[in-house]
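Here is the structure we will look at, set down as structure tokens.
Residue numbers (our numbering): 1 to 135.
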């Protein structure tokens, strides 16, 4: 089995563990006796390989989407002067003070307001005890 791998195995590994390795393909995996026979449907085999290899990336992306959805309706105080929020660039401060968004979702859709600026704003709101989510 180690002949198929760039780094040898140091412990027992499942087919899924092996398939996550960049150098391993579904086709190579199924040439190994414990994992034979292969699926006869090439598209199904390709889907198995893609889902196993990208599972971690997809899960992280899904977590990021859920986080954005949670923050979408986080309310911003109408009287907030964004100059008080340390860490925001002058451009972001100007845009937020001009637009006066009602929520994090609205703020995140303003051109020039970066995801980093939104994170800074969320942390600042939490520290100030101003973090409120709408119902």
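Note that CB positions come from ideal geometry on N, CA and C, so glycine has one too. None of these values were measured; they are calculated from a predicted model.
inquiry  = How far does the alpha helix (DSSP H) with residue 15 in it extend, from its first residue to its last?
reply    = 15-20
request  = Take residue 54 as the anchor and find which of 22, 79, 73 and 124 has the nearest alpha-carbon.
outcome  = 22
task = Work out the CA separation of residue 93 and residue 138 for me, nearest whole Å.
result = Here the chain comprises residues numbered 1 to 135, so residue 138 is not present and cannot be evaluated.
ask   = For residue 95, does the count of other Cβ atoms within 10 angstroms reach 16, so buried, or fall short, so exposed?
value = buried
task = Report the partner residues of residue 75 according to the DSSP bridge assignment.
result = 103 and 132
query = Quick one: any contact between the stretch 11-27 and the stretch 45-52, if contact means 3 or more CB pairs under 8 Å?
reply = yes
ask   = Hey, would you say residue 103 sits closer than 7 Å to residue 75, going by beta carbons?
value = yes
request  = Report the residue from 129, 87 and 126 whose alpha carbon sits nearest the alpha carbon of residue 113.
outcome  = 87
ask   = With residue 218 and residue 118 assumed to form a contact (beta carbons below 8 Å), what rounded beta-carbon distance in angstroms separates them?
value = The chain is shown from 1 up to 135; residue 218 falls before or after that span and cannot be answered.
ask   = Got a sec? Which residues, its chain only, sit under 8 Å from residue 27 by beta carbon, not counting five neighbours each side?
value = 38 and 45
query = Mapping DSSP to helix, strand and coil, what is residue 70?
reply = helix
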